Every structure is written in C-alpha cells, then in structure tokens.
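**Student:**
Number of protein chains: 2
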Amino acid sequence: MLSRGLPHGAVPKLERPGPLRERVYEALLELITTRALRPGQHLVESELAGQLGVSRQPVREALQRLNTEGWVDLRPAQGAFVHEPTEEEADQLLTVRTLLEAEAARLAAAGTDAAGIAALEELCAKGERAVLDDDVDGAVAANAEFHAKIMELAGNAVLSELAAQVGRRVRWYYTPVARQRGKQSWIEHRELIAAITAGDEHGATAVMRAHTEHTRRTYHDRERS
Amino acid sequence: MLSRGLPHGAVPKLERPGPLRERVYEALLELITTRALRPGQHLVESELAGQLGVSRQPVREALQRLNTEGWVDLRPAQGAFVHEPTEEEADQLLTVRTLLEAEAARLAAAGTDAAGIAALEELCAKGERAVLDDDVDGAVAANAEFHAKIMELAGNAVLSELAAQVGRRVRWYYTPVARQRGKQSWIEHRELIAAITAGDEHGATAVMRAHTEHTRRTYHDRERS
DNA sequence: GATGGGTAAACTGTAGACAATAACCAATCC
DNA sequence: GGATTGGTTATTGTCTACAGTTTACCCATC
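Chains as they are written, first to last, in the UniProt record's numbering: chain A, 1 to 225; chain B, 1 to 225.
#1: With a CB to CB cut of under 7 Å and the five nearest residues on each side skipped, what residues in its chain are close to R75 (chain B)?
#2: Taking 8 Å as the cut-off, decide whether the C-beta atoms of T95 (chain B) and L192 (chain A) are in contact.
#3: When the Cα of L93 (chain A) is compared with those of A:A115, A:Y174, A:E122 and A:G203, which residue comes out closest?
#4: Distance cutoff 8 Å, beta carbons only. Does T197 (chain B) sit that close to anything in chain A?
#5: Is it right to say G127 (chain A) is buried, meaning 16 or more other beta carbons lie within 10 angstroms of its own, or is it exposed?
#6: Residues of chain A with CB closer than 7 Å to the CB of W162 (chain B), please, in chain order.
#7: Classify D73 (chain B) as helix, strand or coil using the three-state DSSP reduction.
#8: Tell me the DSSP bridge mates of G79 (chain A)?
#9: Run through DSSP, which three-state label would L37 (chain B) get?
#10: List the residues of chain B that G138 (chain A) touches, going by C-beta distances under 7 Å, in chain order.
#11: At least one CB of chain B closer than 8 Å to the CB of G18 (chain A): is that the case?
#12: Excluding the five sequence neighbours on either side, which residues of its own chain have a C-beta within less than 8 Å of the C-beta of P39 (chain A), listed in chain order?
#13: Run down chain B in chain order and give the residues with a C-beta less than 8 Å from the C-beta of N143 (chain A).
#14: I think A105 (chain A) touches A204 (chain A), with their Cβ atoms under 8 Å apart; what is that distance to the nearest whole Å?
#15: Per DSSP, H42 (chain A) is paired with what?
#16: Count the other CB atoms within 10 Å of the CB of Q51 (chain B); is the residue buried (16 or more) or exposed (fewer)?
#17: Which of the three DSSP states, helix, strand or coil, is assigned to V54 (chain A)?
#18: My understanding is that G79 (chain A) touches H42 (chain A), with C-beta atoms under 8 Å, so please give their C-beta distance in whole angstroms.
#19: Label T34 (chain B) either buried or exposed according to how many other C-beta atoms from any shown protein chain fall within 10 Å of its C-beta, with 16 as the threshold for buried.
#20: Let me know if A115 (chain B) comes out buried or exposed under the rule of 16 or more other beta-carbons within 10 Å of its beta-carbon.
#21: Whose CA, out of A:R171, A:E121, A:A198 and A:L100, lies closest to the CA of M151 (chain A)?
#22: Step through the CB atoms of chain A and report whether any lies within less than 8 Å of the CB of L159 (chain B).
#23: Could you tell me whether any Cβ in chain B is nearer than 8 Å to the Cβ of Q78 (chain A)?
#24: At 8 Å on the CB atoms, spell out the chain A contacts of T68 (chain B), in chain order.
#25: Give me, in chain order, the residues of the same chain whose beta-carbon lies closer than 7 Å to that of G111 (chain B); leave out the 5 immediate sequence neighbours on both sides.
#26: With a threshold of 16 other CB atoms inside 10 Å of the CB of I187 (chain A), please say whether the residue is buried or exposed.
#27: May I ask you to report which of helix, strand or coil DSSP gives T86 (chain A)?
#28: Skipping 5 residues on each side, what residues in its chain have a beta carbon closer than 7 Å to that of V131 (chain A)?
#29: Over what stretch of residues does the alpha helix (DSSP H) that includes D221 (chain B) continue unbroken?
#30: Excluding the 5 residues preceding and the 5 following A27 (chain B) in the sequence, name in chain order all residues of the same chain whose CB lies nearer than 7 Å to its CB.
#31: Does the Cβ of G167 (chain A) have 16 or more other Cβ atoms within 10 Å, making it buried, or fewer, making it exposed?
#32: Return yes when the Cβ of R97 (chain B) is within less than 8 Å of the Cβ of V170 (chain B), no when it is not.
#33: Please report whether the beta-carbon of L28 (chain A) lies at a distance below 8 Å from any beta-carbon of chain B.
#34: Hey, would you say F146 (chain A) sits closer than 8 Å to L123 (chain A), going by beta carbons?
#35: Quick one: which unbroken alpha helix (DSSP H) runs of 4-plus residues sit fully inside the region 111-140 of chain A? Chain order, please.
#36: Is the beta carbon of A90 (chain B) closer than 8 Å to that of Y219 (chain B)?
In structure tokens form, the structure reads like this:
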C-alpha cells in the first residue's frame, strides 16, 4: 500500500484501451444508429476490419454481439446485414418499451426519495432549456438521461439493462419522429415527476403509458420519407 | 421457380450442421443450466475447445454470446466465469418475468381464438398427467411449452424473445424450487386458461402475476441447500 | 432469345500461431 | 519478519492463413 495514498487528482487515470472488440462494437453501433450504415446493407468483415484498422476477429466478435442484440442479422455463410425494421416489429418493440418504462415509473414512484426527485427535476429543466434553444441533439440526450434516471431510481438492474437495449432500438426506429414531438414530451415528463413525487404508483404508470402511446401514434401518423 | 411447388414433406430438409458456434453455444448453455458447470467456475477456452473437439474460435464466439445474455461474466484479460446469481438479482429477474408474462397473458386474452385455447388445454392436460405420474422432467418441459404457447398467442415476437431469455435464467435460478411446487402450478394454469377463454384481460394479468408471485415466495421460503 | 451448366471470384467459417497481459511464486531488501 | 520486486507460467487477445460455400457471371446449347 502506498504510504499515504495519492492526492486524488494526481493520477491522470490513464485510459486503457480496453478490448478491441468493445471499441469495434461501439463504433459499429454508432455507425448503425446514425444511419451511416443503412438497414439491409451487407457488412463485409474484411472491409470493416480494414476501415477500422484491425483484423477480422474483433469485427466478428462485435458483429456477433450486435446480432444477439438485434442490430444486425447474421445469415449463415453469407454474412452480416444491418437489420431492417418492419412496421410490425417497431410496434412490438414500442409495446415492450412501454411495459418496461411503466414498471420502472411505478417502482420509482414506490421507492424514491427527495434526492432522486431533485435529480429528475434538474434533468427535466435541462431538457426544457434545450427545447427552448432549438437544441435538438441536446434535447434528445436529455431525454435519454431522464429515462435512464427513472430506471436508476427503480433500482432494478435487470429491468434497467433490458430497457436500455430496447430503448436504443426504439430510438433508432423513431429518430425521425423524435424531432417532431420534443416539446410535448417534456410536458409529459413534468406530469411524471409529479406522480413520482406524490408516490402515486398507479398515476406514474398511467402517465408513462400515455407518454409512450403518444410516441407510437406520432410514428404511425407520420409522412413516409 | 419450381413449376407447381413441392409436396410439403417431399424434401427431407437435409440437415446441415449449422455454424459450429451455435452448437458450442447450445452445448455450453446445456452444461450451465444443468449445473455441470458450476457458478463461479473459470471457463478456460482451450480446455473447452479440446473437450468439444473444436478450435478456440467457436468457443470464444459462444462465450461472447453467453456473456451478452448474462450466463457468463467475461472479465477482460482473465477469461470467462459462469455467472453467480445473487439473491437480489434473482428477485429482479423474477419481477421482470412477471411483467413480461403478465403482458403476454393480457395480449393472449385479448386476441386469441378457439384453436389457441384448445392448444393450451392440451398442454395443460399433458402437464397434469406428468405431475400425476411423478414425471418431474416431463412436467417441467410441459410447463415451458405452456408458457411458450401463451407467448405465441400474444403475437409479439420481441416480447416473446425477451421472455424466453429471462425465463431460461429464472428457471436456472429456481430449478431447486420448481420440483416443489409442480402441482399447485398446474391448478393456476387452469385458472389462466379460464381467464383467456373469457377474454378477460385484467383477470389473465392478475392470475399470471399471482402465479409468478407464488414462485418468488416459494424461493425465498426455501431451505438453503 | 431463353435456359442450363460450369467456372471463377468473394466471402465466411475454422484453425493454428504469435504477442500481450495478468496472476502466482520465490527471492531479496529494508 | 514483512513487504516489495523480479521472474515464471498460464491464459487471453489478436493476427494470419486455409478450407468450404455461396453467389454471380459468362458461355454454350436448345
């Protein structure tokens, strides 16, 4: 043990690269969610490997993981293709998200404390500011943070992880929509906070249900691009 | 295109072995769920590869997948360890399963037809027979089939896949318990069928909730082995 | 002109080899 | 005597090479 410890900020916490497959995974996920890689596109291992400056192996492992999480379809002896969302699947995914988020809201309402509520208030304010400033990316980010915070307050790690995965995919499907209903979304967030503050489990569930339901309707009413 | 199609049974559907990683994955999952590989055990790639008669690569890919699905923990530069369930995690997992199954029951109640109900009846009868015969494995299998059938009737593929994963893990955690409450379980199944037949969404949800809740209680009341 | 076969290219699936990292153990120094 | 340092071994992380499949294209044939 070091005699007296180190002043806390002294060590610059040298970033370790971590496993390559992780970074490849994140890079590919980024490329998919930003639509730099289009749905249906054939992902050739050697190409990706070349572009990322690594060998095929880490790419393969990243693709495997993306496959299990539903981002790419892995057809045997043929390779990886970016998953193509169907209308039906988007709907089902949203249903599941509703379910998970509603449960999280319920658990949060049942068990949270003042500190948690304060954190929600802060994130909500942040999001509202972003909307006022027409900062779309900021609003989207704040939205994700808000929902993640509710998950955290729910205190169920399994639920949280599932919701994170489903949430990312929903966001991918619905990105065109997200921009349209930024403002309304934050009004609903305020309602949710109120219900959680009041410890109103039933109310929190209902608000979250309605919240997601609005998203679904916006999606189905949208113009085809 | 073939001129008139083929009689359905004509093609013997020549079985291809399929990717090795799949078979390795299934083999390892089997070993884990049957507890041939104990929680916390260090899985050495080269050992597994040797025992299964393949090279390390397919083993690695299988381990990656098992990792994302929560069966093994993959500590960087150290290897794979069979996941060790904690009390808390078991509880959270069961909560999530309750949620998913209840929703499935609701959807099934809302949308199924006579054929679906008949199928449930049949599976239920099969399970009851197995219980009467003290055929524990048969009862467990029938149980899984029953729940899978409800998922199918719910008609939500995303929900179904999630529930399948969560369900397998729950079954892993709770196997010691499953044997204790085989009989009661099938009584509750009958109630569930009644609710679904009546198209009673609320009732179906409630029954499924209670069903899982009983499992949870049995688990927490159990003797430590 | 359409159809069938055959060939070639590209890509994936698997295996084996090398480099890097972390745990383990013994020897050494305070 | 205890802690630390250096070496050692086992295991993972990554790369390269090869074999097996699938796909696409071209040419010959009807």
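We put the beta carbon where it would ideally sit given N, CA and C, even for glycine.
These figures come from a predicted structure and were not determined experimentally.
**Tutor:** According to the structure shown:
#1: Here residue 75 (chain B) refers to the residue found at position 75 when the second sequence is read from its first residue. The residues are F81.
#2: For this step, residue 95 (chain B) is matched to residue 95 along the second sequence. For this step, residue 192 (chain A) is matched to residue 192 along the first sequence. It is not a contact, given that the beta carbons lie outside the stated cut-off.
#3: The residue you call residue 93 (chain A) lines up with position 93 of the first sequence. Nearest C-alpha to L93 (chain A): A:Y174.
#4: Translated into the one-based positions of the second sequence, residue 197 (chain B) becomes position 197. Not closer than 8 Å to any Cβ of chain A, the Cβ of T197 (chain B) fails to qualify, so no.
#5: What you label residue 127 (chain A) is simply residue 127 of the first sequence in a count that begins at 1. G127 (chain A) is classed as buried because its beta carbon has at least 16 other beta carbons within 10 Å across all chains shown.
#6: Residue 162 (chain B) sits at position 162 when you count from the first residue of the second sequence. Per the sequence presented here, residue 162 (chain B) reads as Leu, with Trp not at that position. Here the neighbours are V96 and L162.
#7: To locate residue 73 (chain B), count along the second sequence from 1; it is residue 73. Residue state, collapsed to three classes: strand.
#8: Walking along the first sequence from the start, residue 79 (chain A) turns up at place 79. Partner residues in the beta bridge of G79 (chain A), as assigned by DSSP, are A:R75.
#9: Locating residue 37 (chain B) in the second sequence gives position 37, where the first residue counts as 1. In this structure, DSSP gives L37 (chain B) a state outside helix and strand, which the three-state scheme calls coil.
#10: One-based indexing of the first sequence puts residue 138 (chain A) at position 138. Residues of chain B whose Cβ lies closer than 7 Å to the Cβ of G138 (chain A) do not exist; the shortest such Cβ separation is about 30 Å.
#11: On the first sequence, residue 18 (chain A) is found 18 positions in, with the first residue counted as 1. Yes, G18 (chain A) lies at the interface with chain B (some Cβ there is under 8 Å from its Cβ).
#12: For this step, residue 39 (chain A) is matched to residue 39 along the first sequence. V82, H83, E84 and P85.
#13: As a first step, residue 143 (chain A) is located in the first sequence; it is residue number 143 there, counting from the start. Within chain B, no residue comes near N143 (chain A); the closest Cβ sits about 21 Å away, beyond 8 Å.
#14: As a first step, residue 105 (chain A) must be located in the first sequence, where it is residue number 105. As a first step, residue 204 (chain A) must be located in the first sequence, where it is residue number 204. Taking 8 Å as the upper bound for CB-CB distance, A105 (chain A) and A204 (chain A) are in contact here, some 4 Å apart.
#15: If you number the first sequence from 1, residue 42 (chain A) lands on position 42. The bridge partners DSSP lists for H42 (chain A) are A:F81.
#16: Here residue 51 (chain B) refers to the residue found at position 51 of the second sequence. So Q51 (chain B) ends up on the exposed side.
#17: Taking the first residue of the first sequence as position 1, residue 54 (chain A) is located at position 54. Taken through DSSP and simplified to helix, strand or coil, V54 (chain A) comes out as coil.
#18: As a first step, residue 79 (chain A) is located in the first sequence; it is residue number 79 there, counting from the start. As a first step, residue 42 (chain A) is located in the first sequence; it is residue number 42 there, counting from the start. Right, their Cβ atoms sit about 6 Å apart.
#19: As a working mapping, residue 34 (chain B) is identified with position 34 in the second sequence. T34 (chain B) is exposed by the Cβ-count criterion.
#20: Position 115 of the second sequence, counted from the first residue, corresponds to residue 115 (chain B). Residue environment: A115 (chain B) is assigned as exposed (fewer than 16 neighbouring CB atoms within 10 Å of its CB, all protein chains considered).
#21: What you label residue 151 (chain A) is simply residue 151 of the first sequence in a count that begins at 1. That would be A:L100, whose Cα lies nearest to the Cα of M151 (chain A).
#22: Here residue 159 (chain B) refers to the residue found at position 159 of the second sequence. L159 (chain B) counts as touching chain A.
#23: Start at 1 with the first residue of the first sequence, and residue 78 (chain A) comes out as number 78. No, Q78 (chain A) lies away from the interface with chain B (no Cβ there is under 8 Å from its Cβ).
#24: Counted from its first residue, the second sequence places residue 68 (chain B) at position 68. The contacting residues are R65, T68 and E69.
#25: Residue numbering aside, residue 111 (chain B) sits at position 111 when the second sequence is read from its first letter. Within its own chain, the residues whose Cβ lies closer than 7 Å to the Cβ of G111 (chain B), once the five positions on either side in sequence are excluded, are G155, listed in chain order.
#26: Sequence index remark: in the first sequence, residue 187 (chain A) carries index 187 (1-based). Exposed, since its Cβ has fewer than 16 Cβ neighbours within 10 Å.
#27: Locating residue 86 (chain A) in the first sequence gives position 86, where the first residue counts as 1. Residue state, collapsed to three classes: coil.
#28: Residue 131 (chain A) sits at position 131 when you count from the first residue of the first sequence. Closer than 7 Å at the Cβ level, and outside the excluded window around V131 (chain A), lie A139, G182, K183 and W186.
#29: For the purposes of this step, residue 221 (chain B) is taken as residue 221 along the second sequence, with counting starting at 1. It spans E201 to D221 - the alpha helix (DSSP H) in which D221 (chain B) sits, taken as one unbroken run.
#30: The sequence position of residue 27 (chain B) within the second sequence is 27, counting from 1. So the qualifying residues of the chain are L52.
#31: In the first sequence, counting from the first residue as 1, residue 167 (chain A) sits at position 167. The C-beta of G167 (chain A) has 16 or more other C-beta atoms within 10 Å across all chains shown, which makes the residue buried.
#32: Start at 1 with the first residue of the second sequence, and residue 170 (chain B) comes out as number 170. Start at 1 with the first residue of the second sequence, and residue 97 (chain B) comes out as number 97. Going by C-beta atoms, V170 (chain B) is nearer than 8 Å to R97 (chain B).
#33: Taking the first sequence and counting its residues from 1, the one referred to as residue 28 (chain A) is at position 28. Chain B contact via Cβ: absent.
#34: Residue mapping note: residue 146 (chain A) aligns to position 146 of the first sequence, counting from 1. Residue mapping note: residue 123 (chain A) aligns to position 123 of the first sequence, counting from 1. Their beta carbons are under 8 Å apart, which means F146 (chain A) touches L123 (chain A) by this criterion.
#35: Runs of the alpha helix (DSSP H) spanning 4 or more residues and lying entirely within the region 111-140 of chain A occur at 114-132, in chain order.
#36: Residue mapping note: residue 219 (chain B) aligns to position 219 of the second sequence, counting from 1. Residue mapping note: residue 90 (chain B) aligns to position 90 of the second sequence, counting from 1. Against a cut-off of 8 Å, the Cβ pair of A90 (chain B) and Y219 (chain B) comes out as a contact.
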